[in-house]
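Read through the structure below, which is laid out as structure tokens, and then see the notes.
Number of protein chains: 2
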Amino acid sequence: MKTYYDCIPCLLRQTVEAMHMFVKDEGIQEKLIRFVLREIADMDLNETPPYMAGLIHRRIREVLHDTDPYKEIKEHFNQLALNMYENLHKQVEESADPFDTAVRIAIAGNIIDFGVRADIGPREVEETLLECLQRPIAFNASAELNHAILQADRILFLGDNAGEIVFDRLLIEQIPAQKVCYVVKAMPVINDAIMEDAVATGMTELVRVIDNGSDAPGTNFNLCSPQFIEEFHQADLIIAKGQANYETLNEVKNKDIFFLLKVKCPVIARDLGCDTGAVVLKSCCRKTV
Amino acid sequence: MKTYYDCIPCLLRQTVEAMHMFVKDEGIQEKLIRFVLREIADMDLNETPPYMAGLIHRRIREVLHDTDPYKEIKEHFNQLALNMYENLHKQVEESADPFDTAVRIAIAGNIIDFGVRADIGPREVEETLLECLQRPIAFNASAELNHAILQADRILFLGDNAGEIVFDRLLIEQIPAQKVCYVVKAMPVINDAIMEDAVATGMTELVRVIDNGSDAPGTNFNLCSPQFIEEFHQADLIIAKGQANYETLNEVKNKDIFFLLKVKCPVIARDLGCDTGAVVLKSCCRKTV
Chain A
2 MKTYYDCIPC
12 LLRQTVEAMH
22 MFVKDEGIQE
32 KLIRFVLREI
42 ADMDLNETPP
52 YMAGLIHRRI
62 REVLHDTDPY
72 KEIKEHFNQL
82 ALNMYENLHK
92 QVEESADPFD
102 TAVRIAIAGN
112 IIDFGVRADI
122 GPREVEETLL
132 ECLQRPIAFN
142 ASAELNHAIL
152 QADRILFLGD
162 NAGEIVFDRL
172 LIEQIPAQKV
182 CYVVKAMPVI
192 NDAIMEDAVA
202 TGMTELVRVI
212 DNGSDAPGTN
222 FNLCSPQFIE
232 EFHQADLIIA
242 KGQANYETLN
252 EVKNKDIFFL
262 LKVKCPVIAR
272 DLGCDTGAVV
282 LKSCCRKTV
Chain B
2 MKTYYDCIPC
12 LLRQTVEAMH
22 MFVKDEGIQE
32 KLIRFVLREI
42 ADMDLNETPP
52 YMAGLIHRRI
62 REVLHDTDPY
72 KEIKEHFNQL
82 ALNMYENLHK
92 QVEESADPFD
102 TAVRIAIAGN
112 IIDFGVRADI
122 GPREVEETLL
132 ECLQRPIAFN
142 ASAELNHAIL
152 QADRILFLGD
162 NAGEIVFDRL
172 LIEQIPAQKV
182 CYVVKAMPVI
192 NDAIMEDAVA
202 TGMTELVRVI
212 DNGSDAPGTN
222 FNLCSPQFIE
232 EFHQADLIIA
242 KGQANYETLN
252 EVKNKDIFFL
262 LKVKCPVIAR
272 DLGCDTGAVV
282 LKSCCRKTV
């Protein structure tokens with residue numbers, strides 16, 4: 002998905018929010034915001050919004066001399082989600098349709114996205130869980146995904162955020178472990194999950210986990226490692242979590258991709274053809290496209 | 002009030018909203034947004050947000066080759082407000098405290114602000130009226146204003162938007178006409194009232210009306226005419242409507258100014274020390290400061 006004009010105020014809002022959270026020095030604040038304004042003024046609008054967000058957050062880490070400013074936030078949400086895990090696991094097991102319940106919980110976890118809102122707390126997570134368990138899923142491709150999983154040998158599960166990774170575990174537990182490879186970012190960006198989050202939340206004990214070589218949100222092939230791109234090509238099913246994976250992969254052809262996300266912005270809602278707030282499980286399969 | 006970092010995404014949102022409303026050519030859209038990004042990247046943040054909004058809208062008018070893109074919107078809201086005038090006039094006359102009621106109606110009119118939101122309609126105006134008539138006024142300086150009006154010989158009433166000007170009439174009718182001079186913008190900017198709005202809504206028949214020489218929202222002395230500045234200095238009471246007048250005049254000393262506004266943004270709410278949405282009548286009097 003290209004960068005729409007409506008994304009530009011939002012990229013600046015993200016910058017200002019992150020700046021308020023981490024940058025205390027006023028001189029550095031001013032330099033940072035002027036840098037981002039100039040970068041966006043010169044950006045190729047055919048690039049995706051996550052590409053630009055990656056660039057912005059790279060700059061934030063540079064000016065802070067901090068490789069991982071969201072580290073504490075990520076640890077906090079991993080722990081919060083781990084504390085919920087047992088109850089959610091029980092809820093999946095006891096439900097009439099464990100696969101559907103696990104899908105809904107995995108999508109609910111996608112609310113833990115500090116790129117979109119910097120004020121997510123336990124209450125938003127609880128409320129989103131309740132909502133996702135009850136609300137109709139937009140483009141509901143749950144049965145289609147279940148079928149695709151049965152058919153597939155190599156499933157690449159593109160993760161999104163720390164905390165959310167625990168909710169993903171519940172869905173991955175519904176899939177034969179040897180089929181699945183879970184993907185994290187290679188380097189920190191916002192609160193996206195990296196390998197240490199996969200270790201901390203037990204994902205590495207459950208399935209094979211690799212990183213995509215990149216420090217940008219979503220899946221920007223230009224920034225990904227050759228090893229990841231090879232895995233992507235060899236996979237016969239992609240499960241992609243979150244807005245940034247949708248924004249960066251929605252135009253990929255000749256690949257069976259299922260997008261699981263909580264829609265948090267009107268631009269993506271318009272692009273998908275649903276409401277802001279929608280709980281989405283959309284299939285972009287080569288057979289059906 | 003200086004331009005806070007939080008104002009920057011908002012200035013860009015305003016640009017994008019105005020662009021969607023008026024600029025159809027994609028090439029011009031792109032040039033406009035890149036121009037605004039570069040202007041903000043280089044702007045002196047000690048300038049006020051309305052100064053920057055003035056610059057942005059000047060550029061929008063230039064690229065459109067249209068001196069007044071909001072003309073139809075202004076005419077529409079003048080008419081909408083004129084249609085409400087008789088009932089509101091009756092409501093003031095019949096109320097237990099006509100001055101207080103007129104103050105509340107004048108503040109309610111301030112919702113008609115296309116700088117803040119581009120989707121204002123009759124429903125928002127009706128709802129805001131009801132709210133302003135019932136809700137407590139923040140920093141309620143209504144009695145103080147009433148007293149200051151009695152004492153004053155020369156009152157300068159700084160108007161804000163078209164449509165809103167009709168609501169201002171109801172307050173001005175509570176003041177001896179010979180004391181009041183109503184001020185509009187000299188040239189169009191957003192939906193700010195200009196002389197033709199004062200004529201269309203009967204304000205020119207009620208009191209003396211002048212323009213401030215400027216094409217920017219609020220009251221930027223650097224852009225105002227010497228004649229207006231002289232009037233400002235000679236007035237012994239200033240009644241200033243709307244956010245932009247607050248943003249541009251809140252640091253003026255040695256002048257009795259009463260700010261009447263509906264707070265529509267969190268930055269101004271923080272600066273004032275009230276909630277977003279508050280109905281404000283704040284006195285900044287030299288005697289009390």
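Protein sequence lines correspond, in order, to chains A and B.
Heads up: the first sequence begins at 2 in this note's numbering, then just goes up one per residue.
Heads up: the second sequence begins at 2 in this note's numbering, then just goes up one per residue.
Virtual Cβ for every residue (Gly too), placed ideally from N, Cα, C.
Quick caveat: nothing in here was measured; it's all calculated off a predicted structure.
Nearest to residue i by CA position, among the options, is which residue?
i: A/Gly219; options: A/Lys254, A/Asn255, A/Phe260 and A/Glu231; result: A/Phe260
i: A/Lys32; options: A/Asp43, A/Ala42 and A/Met20; result: A/Met20
i: B/Phe115; options: B/Lys265, B/Ser284 and B/Asp276; result: B/Lys265
i: A/Leu172; options: A/Glu197, A/Leu224, A/His234 and A/Lys91; result: A/Lys91
i: A/Leu157; options: A/Glu145, A/Gly278 and A/Phe229; result: A/Phe229
i: B/Arg294; options: B/Val210, B/Phe168, B/Leu224 and B/Tyr86; result: For residue 294 of chain B there is no data in the structure shown, the boundaries of chain B being 2 and 290.
i: A/Glu27; options: B/Val24, B/Met22, B/Ile61 and B/Leu46; result: B/Leu46
i: B/Ala236; options: B/Leu159, B/Thr277, B/Asp169 and B/Lys283; result: B/Leu159
i: B/Gln131; options: B/Ala109, B/Leu151, B/Ala144 and B/Asp120; result: With the sequence shown as reference, residue 131 of chain B is identified as Leu, and Gln is not the correct amino acid for it. Considering only alpha carbons, the answer is B/Ala109.
i: A/Asn162; options: A/Gly122, A/Ala119, A/Ile113 and A/Cys133; result: A/Ile113
i: A/Tyr6; options: A/Lys25, A/Ala42 and A/Gln175; result: A/Ala42
i: A/Glu145; options: A/Met22, A/Glu94 and A/Lys283; result: A/Lys283
i: B/Gly164; options: B/Lys75, B/Glu127 and B/Ala119; result: B/Lys75
i: B/Ile34; options: B/Ile121, B/Glu18 and B/Met44; result: B/Glu18
i: A/Ala279; options: A/Lys3, A/Leu89 and A/Val268; result: A/Val268
i: B/Thr129; options: B/Ala82, B/His77 and B/Asp257; result: B/Ala82
i: A/Leu89; options: A/Ala107, A/Glu73 and A/His77; result: A/Ala107
i: A/Glu127; options: A/Phe168, A/Val200 and A/Glu48; result: A/Phe168
i: B/Leu151; options: B/Tyr86, B/Ile176 and B/Gln30; result: B/Ile176
i: B/Arg170; options: B/Leu207, B/Ile29 and B/Val200; result: B/Leu207
Using a cut-off of 8 Å between C-beta atoms, extract the partners of residue i located in chain A.
i: B/Arg39; result: Leu38, Arg39 and Ala42
Our contact map puts residue i next to residue j with C-beta atoms below 8 Å; I'd like the distance itself, whole angstroms only.
i: B/Ile166; j: B/Thr202; result: 5 Å
i: A/Leu262; j: A/Val281; result: 5 Å
i: A/Asn79; j: A/Asp198; result: 6 Å
i: B/Pro70; j: B/Ile61; result: 7 Å
i: B/Met22; j: B/Ala119; result: 6 Å
i: A/Thr291; j: A/Glu48; result: In the structure displayed, chain A extends from 2 to 290; residue 291 of chain A sits before or after that span and is not available.
Could you tell me whether any non-hydrogen atom of the ligand NAD is closer than 6 Å to the CB of residue i?
i: B/Asp276; result: No copy of the ligand NAD appears in this structure; indeed no ligand is present at all.
Exercise. Does the pairing of the region 131-142 of chain A with the region 47-65 of chain A give three or more beta-carbon distances under 8 Å?
Worked result: No: the two stretches stay apart, fewer than three of their Cβ pairs being nearer than 8 Å.
For this session: Name, going along the chain, the residues of the region 3-20 of chain A whose beta-carbon falls closer than 7 Å to a beta-carbon of chain B.
Result: Under the 7 Å Cβ criterion, the region 3-20 of chain A contributes Tyr6, Asp7, Ile9, Pro10, Leu13, Arg14, Val17 and Met20.
Exercise. For the 8 Å Cβ check, are there 3 or more pairs between the region 267-282 of chain B and the region 227-241 of chain B?
Worked result: The answer is no - the region 227-241 of chain B does not touch the region 267-282 of chain B, with fewer than three Cβ pairs under 8 Å.
For this session: Kindly confirm or deny that the region 97-104 of chain B and the region 245-252 of chain B touch, where touching means at least three C-beta pairs closer than 8 Å.
Result: Between the region 97-104 of chain B and the region 245-252 of chain B there are fewer than three inter-stretch CB-CB distances shorter than 8 Å, so the stretches are not counted as touching.
For this session: Evaluate contact between the region 37-47 of chain B and the region 66-82 of chain B, counting only Cβ atoms and requiring at least three cross-stretch pairs below 8 Å.
Result: Cβ pair count under 8 Å is below three, so no.
Exercise. Going along the chain, which residues of the region 48-80 of chain A sit with their C-beta nearer than 8 Å to a C-beta in chain B?
Worked result: Using a CB distance below 8 Å, no part of the region 48-80 of chain A faces chain B.
Problem set entry | Any 3 or more C-beta pairs closer than 8 Å across the region 170-190 of chain B and the region 200-216 of chain B | The region 170-190 of chain B vs the region 200-216 of chain B: in contact.
Exercise. Residues in the region 95-122 of chain A with C-beta within 8 Å of chain B's C-beta atoms, listed in sequence order?
Worked result: Within the region 95-122 of chain A, no residue qualifies.
Exercise. When the Cβ atoms of the region 8-28 of chain B are set against those of the region 4-15 of chain A, are three or more pairs found closer than 8 Å?
Worked result: Taking 8 Å as the limit for Cβ pairs, the verdict is that the region 4-15 of chain A does touch the region 8-28 of chain B.
For this session: With 9 Å as the limit, tell me which residues of the region 21-36 of chain B have their beta carbon closer than that to any beta carbon of chain A; keep them in chain order.
Result: Taking 9 Å as the Cβ-Cβ cut-off against chain A, the residues of the region 21-36 of chain B that qualify are His21, Gln30, Glu31, Ile34, Arg35 and Phe36.
Exercise. Okay, do the region 190-198 of chain A and the region 172-182 of chain A touch, 3+ Cβ pairs below 8 Å being the bar?
Worked result: Contact fails: fewer than three Cβ-Cβ distances are below 8 Å.
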